[in-house]
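J.: The following block contains the structure, expressed as structure tokens.
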Amino acid sequence: MLEKNKNLYADLSLLLVALIWGSGFVATKHALNTITPYYMMTFRFTIAFLLMSMVFYKRLKACTFQDLKAGAIIGLFLFVAFAAQTVGLQYTTAGKQAFLTGTNVVIVPFLFWMVKQTRPDKYNLTAAFLCFCGIGLLTLSESLTINLGDFLTLICAFFFACHIVSIGYFAEHHDPIVLTIIQLGVSAVLSFAASLFLETAPQNLPVDAILSVLYLGVFSTLLAFMIQNVAQKYTTPTHAAIILSLESVFGSILSTILLKELFTMKMFWGCVIIFIAILTAETKWAFLRPKKMKENI
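Heads up: the sequence shown runs through residues 243 to 539, numbered per my numbering.
Structure, rendered in structure tokens:
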């Protein structure tokens with residue numbers, strides 16, 4: 243019973259992360275109007291790193307070389323994923339990028355299979371496929387053609403999948419809080435290095451841009467990744483990827499409410515398909531089978 247409760251809390255926590263990330267689409271759109279991609283990443287990761295370091299400095303003091311190594315690997319995946327996504331958004335549409343980024347749901351089970359030799363079952367594979375289709379209906383608004391932005395977004399999807407799998411791999415044997423702090427620090431340093439070489443420092447930032455960056459740093463980065471790292475100790479990377487894919491659902495709903503974007507019937511069916519995918523991964527449809535069949539699963 244205790245283990246089931248932990249799994250439930252982990253799923254609810256990851257659902258909260260998906261909601262926070264969905265709201266981050268609005269904040270990112272505001273921030274990118276006045277801040278270049280790598281400087282925006284530098285600000286959000288630095289804010290999150292400093293705040294977490296101050297709150298959990300005692301746990302950070304106890305970190306080992308193995309913690310640093312694991313956190314650095316996770317942080318590298320995180321940086322490359324965000325860099326590819328943020329820069330790629332300049333060359334493609336937001337709807338198309340959301341669809342392409344969602345392909346990490348399909349990539350995760352196969353990466354996890356390579357790392358842990360744990361073959362995904364038919365329910366996980368079916369759920370991943372349904373989720374992929376649902377995200378397409380929810381976000382795709384034009385024909386899919388490969389340009390620079392699309393190519394960078396596919397790279398982003400692959401590295402987000404690597405990020406999810408690496409957290410699942412390392413969180414079993416390391417303090418998730420320490421891992422979160424280290425990965426944020428690594429991402430902040432890499433973002434700052436990239437901004438120095440590739441961008442011009444912003445001069446004057448309007449209040450709404452500062453508020454957007456603070457939201458991204460505190461909620462979409464610090465809080466979301468801390469919750470994700472802790473929650474993934476009690477669930478599988480494939481399961482986490484399915485739940486986190488609800489980011490697209492929340493992003494579309496919040497965009498409709500806050501940005502007054504049209505919520506079409508196609509988007510509604512996308513939400514329905516994603517819900518079916520979540521149900522498939524969560525229950526494996528056991529409630530539809532006789533009791534004896536449930537016991538044999």
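Note that beta-carbon positions come from the ideal geometry of N, C-alpha and C, so glycine has one too.
1) Only counting runs of 3 or more residues, tell me where the beta strand (DSSP E) segments fall wholly within the stretch 410-459, in order along the chain.
2) Residues in its own chain within less than 6 angstroms of valine 322 by CB, not counting five upstream and five downstream?
3) Excluding the 5 residues preceding and the 5 following leucine 486 in the sequence, name in chain order all residues of the same chain whose CB lies nearer than 7 angstroms to its CB.
4) Phenylalanine 412 to alanine 252, Cα distance in whole Å?
5) Contact defined as beta carbons within less than 8 angstroms: I believe alanine 273 pairs with methionine 282. What is the distance between those atoms, to the nearest angstrom?
6) Considering only residues of the same chain and omitting the five flanking positions on each side of alanine 519, which have a CB-CB separation below 7 angstroms?
7) Using three-state DSSP, classify alanine 403 as helix, strand or coil.
8) Excluding the 5 residues flanking isoleucine 316 on each side, which residues of the same chain have their C-beta closer than 7 angstroms to its C-beta?
9) Leaving aside the five residues before and after histidine 481 along the sequence, list all residues of the same chain whose C-beta is less than 7 angstroms from its C-beta, in chain order.
10) Exposed or buried, which one is valine 449 when buried takes at least 16 other CB atoms within 10 Å?
11) Should isoleucine 289 and alanine 451 be called a contact, given that it needs their Cβ atoms to be closer than 8 angstroms?
12) Measure the C-alpha to C-alpha separation of leucine 390 and tyrosine 280 and round it to an integer number of angstroms.
13) DSSP three-state call for aspartate 309: helix, strand or coil?
14) Measure the CB-CB distance between leucine 464 and leucine 254 and report whether it falls below 8 angstroms.
15) Looking at the secondary structure, which residues open and close the alpha helix (DSSP H) in which tryptophan 355 lies?
T.: Walking through what the data contain:
1) none
2) The count along the sequence shown starts at 1 and reaches residue 322 at position 80. Cβ neighbours of valine 322 beyond the five flanking positions: Phe401.
3) The sequence position of residue 486 within the sequence shown is 244, counting from 1. Hits under 7 angstroms: Leu256, Val259 and Ala260.
4) Position 170 of the sequence shown holds residue 412. Position 10 of the sequence shown holds residue 252. Spanning the two alpha carbons is a distance of roughly 17 angstroms.
5) As a position in the sequence shown, residue 273 is number 31, starting the count at 1. As a position in the sequence shown, residue 282 is number 40, starting the count at 1. With 8 angstroms as the limit, alanine 273 and methionine 282 qualify as a contact, their Cβ atoms being about 5 angstroms apart.
6) Working through the sequence shown from its first residue, we reach residue 519 at position 277. Answer for alanine 519: Ala369, Leu372, Cys373, Gly376 and Ile484, listed in chain order.
7) To locate residue 403, count along the sequence shown from 1; it is residue 161. Alanine 403: helix per DSSP, three-state reduction.
8) Start at 1 with the first residue of the sequence shown, and residue 316 comes out as number 74. Excluding sequence neighbours, isoleucine 316 sits near His405, Ser408, Ile409, Phe412, Leu421 and Gln425.
9) In the sequence shown, the residue the question calls residue 481 occupies position 239. Cβ neighbours of histidine 481 beyond the five flanking positions: Ala523.
10) Reading the sequence shown from its first residue, position 207 is the one you call residue 449. Exposed.
11) As a first step, residue 289 must be located in the sequence shown, where it is residue number 47. As a first step, residue 451 must be located in the sequence shown, where it is residue number 209. The answer is no: Cβ separation not under 8 angstroms.
12) Numbered from 1 along the sequence shown, position 148 holds the residue referred to as residue 390. Numbered from 1 along the sequence shown, position 38 holds the residue referred to as residue 280. Those two C-alpha atoms are separated by around 18 angstroms.
13) The residue given as residue 309 occupies position 67 in the sequence shown. Reduced to three states, the DSSP call for aspartate 309 is helix.
14) Within the sequence shown, residue 464 is the residue found at index 222, counting from 1. Within the sequence shown, residue 254 is the residue found at index 12, counting from 1. Contact flag unset, no.
15) As a working note, residue 355 is residue 113 in the sequence shown. Note, tryptophan 355: alpha helix (DSSP H), 346-358.
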